[in-house]
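Each remark here refers to the structure printed beneath this line.
Residue numbers (full-length UniProt numbering): 1 to 93.
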């Protein structure tokens, strides 16, 4: 079964998500941005969510994690919780 590790940043607006994505693409550290801006408790670990399998996260998040290229920042991804930037850090088939 496929497994993935990812980190994310959760914010309340699409605009905030897009602004953070621009900052990261310009060289800002993903983990530092997560610690400073994410609304998720995972912010304390730089947005790290650990390892999980398909179906363990909400559908929209899951679809990105199991299709995006490893190491790229994806988003905004809208879920019931808000807007996410997602980086898949590892994935196995």
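Yeah, the Cβ is synthetic: ideal placement off N, Cα and C, and Gly gets one too.
8 angstroms contact criterion, which residue i and residue j should meet: CB distance rounded
i          : j         : result
residue 53 : residue 3 : 6 angstroms
Beta-carbon gap between residue i and residue j smaller than 8 angstroms
i          : j          : result
residue 37 : residue 61 : no
residue 64 : residue 30 : no
residue 89 : residue 6  : yes
residue 33 : residue 8  : no
Cβ neighbours of residue i in the same chain (closer than 6 angstroms, five flanking residues each side left out)
i          : result
residue 57 : none
Span separating the alpha-carbon of residue i from that of residue j
i          : j          : result
residue 49 : residue 71 : 15 angstroms
residue 11 : residue 67 : 22 angstroms
Close-in-space but distant-in-sequence residues of the same chain around residue i (CB under 8 angstroms, 5 per side omitted)
i          : result
residue 76 : 14, 17, 18, 21, 83, 84, 85
Residue i: first and last residue of the uninterrupted beta strand (DSSP E) it sits in
i          : result
residue 6  : 3-11
residue 70 : Careful: residue 70 lies outside any beta strand (DSSP E) and carries neither H nor E.
Contact set for residue i: own chain, Cβ-Cβ below 7 angstroms, skip 5 residues either direction
i         : result
residue 1 : 53
N-terminal and C-terminal residue of the alpha helix (DSSP H) that residue i is part of
i          : result
residue 30 : 30-37
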